[in-house]
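The structure appears right after this line, and notes come after that.
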Amino acid sequence: MRQKIVAGNWKMNKSFQEAEDLLDEILEIMEEEKGENPQMVICTPFPYLELATDMMDEFHPKIGAQNVCEFENGAYTGEISANMLNSVGVEYCIIGHSERRKYYAENSGSLVKKLDLLLNEGITPIFCCGEVLEEREADKHFDIVRAQVEEALFHLNSDEIRNVVIAYEPVWAIGTGKTATSAQAQEMHAYIRALLNVKYSKDISEEITILYGGSCNAKNARELFSNPDVDGGLIGGASLKAEDFFKIYKSF
Ligand code: PGA
Numbered sequence: 016m017r018q019k020i021v022a023g024n025w026k027m028n029k030s031f032q033e034a035e036d037l038l039d040e041i042l043e044i045m046e047e048e049k050g051e052n053p054q055m056v057i058c059t060p061f062p063y064l065e066l067a068t069d070m071m072d073e074f075h076p077k078i079g080a081q082n083v084c085e086f087e088n089g090a091y092t093g094e095i096s097a098n099m100l101n102s103v104g105v106e107y108c109i110i111g112h113s114e115r116r117k118y119y120a121e122n123s124g125s126l127v128k129k130l131d132l133l134l135n136e137g138i139t140p141i142f143c144c145g146e147v148l149e150e151r152e153a154d155k156h157f158d159i160v161r162a163q164v165e166e167a168l169f170h171l172n173s174d175e176i177r178n179v180v181i182a183y184e185p186v187w188a189i190g191t192g193k194t195a196t197s198a199q200a201q202e203m204h205a206y207i208r209a210l211l212n213v214k215y216s217k218d219i220s221e222e223i224t225i226l227y228g229g230s231c232n233a234k235n236a237r238e239l240f241s242n243p244d245v246d247g248g249l250i251g252g253a254s255l256k257a258e259d260f261f262k263i264y265k266s267f
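The opening position of the sequence shown corresponds to residue 16 in this note's numbering, with each subsequent residue numbered one higher.
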């Protein structure tokens, strides 16, 4: 059965103390939920990853990073490798987020390398894809997402693709308060699953977790998650408050 996931993306927010306080609050609320489905994932900024993995119980929640270097190791000043993430207990890593595509020129070429390095370290990539507003308005959203998925993921074999989580995040919905409708989300998720079915197999496509991201909050999560192909969410703003994030987690 495919894993339901609610993942928080803290982005570049919180001081060390604030991060520790938020993690404490989440742990307290989650005490009762230990080992339960869905899986909660918290993607903190790099400096707090070790704190976060140390604080977490071995069952729940899991800790993720928000980026990784496309090179294995060596003279890449300022970068963080997949092996470093693994060595501090990180189990998930967001890649291909639209903010990184836009501000840091992340593209399919570097994403292929990042995916391979993460999978080698046993870290689950959360691969983001999604169209910008002009692309949706020009009715190109399916073509854009297909190209992103094919270029970055389709070099993986059947065993590898099983270990990838996909997040569909329409860029026009990220941090804007403008959520995709439940029907728009379902339609794109079903499309992505159909691509996986054609490339791999029906069984594999049914196993892969596809998250929705973009202004998902405690009010709209239940409707979004009720769709058959929406397996949870990648949550930005609403993951910065323990109570809101927990409400989303309980929205299945
Ligand atoms: P948002 O961000 O929930 O604040 O829209 C989602 C994301 O960027 O992953």
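Here a beta-carbon is modelled for each residue, glycine too, at the ideal position from N, C-alpha and C.
As the structure is a prediction and not an experimental result, all values here were calculated from the model.
Collapsed DSSP secondary structure at residue i in the structure displayed
i	result
residue 210	helix
residue 223	coil
residue 264	helix
residue 176	helix
residue 217	helix
residue 188	helix
residue 203	helix
residue 233	coil
residue 195	coil
Limits of the unbroken beta strand (DSSP E) element including residue i
i	result
residue 249	247–250
In DSSP terms, what residue i is bridged to
i	result
residue 20	54, 247
residue 183	144, 227
C-beta neighbour in chain B for residue i, strict 8 Å
i	result
residue 134	Among the protein chains of the structure shown there is no chain B, as only one such chain exists.
Delimiting residues of the alpha helix (DSSP H) encompassing residue i
i	result
residue 236	236–240
Whole runs of the alpha helix (DSSP H) within the region 30–111, excluding any shorter than 4 residues: 31–45, 64–70, 97–102
Complete alpha helix (DSSP H) runs within the region 113–147 (minimum length 4 residues, chain order): 113–118, 123–135
Minimum length 3: unbroken beta strand (DSSP E) runs contained in the region 145–173: none
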